[in-house]
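What follows is one structure encoded as structure tokens, with my remarks underneath.
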Amino acid sequence: MGLGRSSRRGRPPMSFLIPVALLALVVPLVVALLRANELFCVRVEGRNVRLLRGRMPQRLLDDITDVLRAAPVGRGAVRVVVEDRRARVHVEGDISPEQAQQLRNTVSMWPVPKIRAAPKRRAGA
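Taking my numbering, the leading residue of the sequence shown gets 992, the next gets one more, and so forth.
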């Protein structure tokens, strides 16, 4: 009796490994699904505005940069996703409500197919 238990002491029980394995498989899938409708994500720190993910026309990036540099922003992020076939802006961080509205106005001028057709940016660009 005791012999069987002592040989298992160093290993986690199988009932623990199955949920961990499922979690390891499900998390990347959930992240991929959440980002499937994302057009791009821009991060701002001070006056530094950087495209993190996605693709966008350079002119749109320039317009977004102008909005974010007009008033001081500590840190923030701008995510643009497709909802009901339109680009929708989600902001977080120190971006003011006025800047958020300006960003919505700016992005609304661009049709989704035109944003999607933008060339991919090189790493570090």
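The beta-carbon is built from N, C-alpha and C at its ideal position, and this holds for glycine as well.
- Measure the alpha-carbon distance for P1102 versus I1009 and round it to whole angstroms. The residue labelled residue 1102 in the question sits at position 111 within the sequence shown. The residue labelled residue 1009 in the question sits at position 18 within the sequence shown. Take the alpha-carbon of P1102 and the one of I1009: they are about 45 Å apart.
- Message: Excluding the 5 residues flanking E1036 on each side, which residues of the same chain have their C-beta closer than 7 Å to its C-beta?
- Response: Counting from 1 along the sequence shown, the entry for residue 1036 is found at position 45. Cβ neighbours of E1036 within its own chain (closer than 7 Å, five residues either side excluded): R1066.
- Message: Here's the rule: buried if 16 or more other CB atoms are within 10 angstroms of the residue's CB, otherwise exposed. What is M1005?
- Response: Residue mapping note: residue 1005 aligns to position 14 of the sequence shown, counting from 1. Around the beta carbon of M1005, fewer than 16 other beta carbons lie within 10 angstroms, which makes this residue exposed.
- What first and last residue would you give for the beta strand (DSSP E) that runs through N1039? Working through the sequence shown from its first residue, we reach residue 1039 at position 48. Segment N1039 to G1045, the beta strand (DSSP E) holding N1039.
- Quick one: grab the DSSP three-state call for V1072. Residue mapping note: residue 1072 aligns to position 81 of the sequence shown, counting from 1. Reduced to three states, the DSSP call for V1072 is strand.
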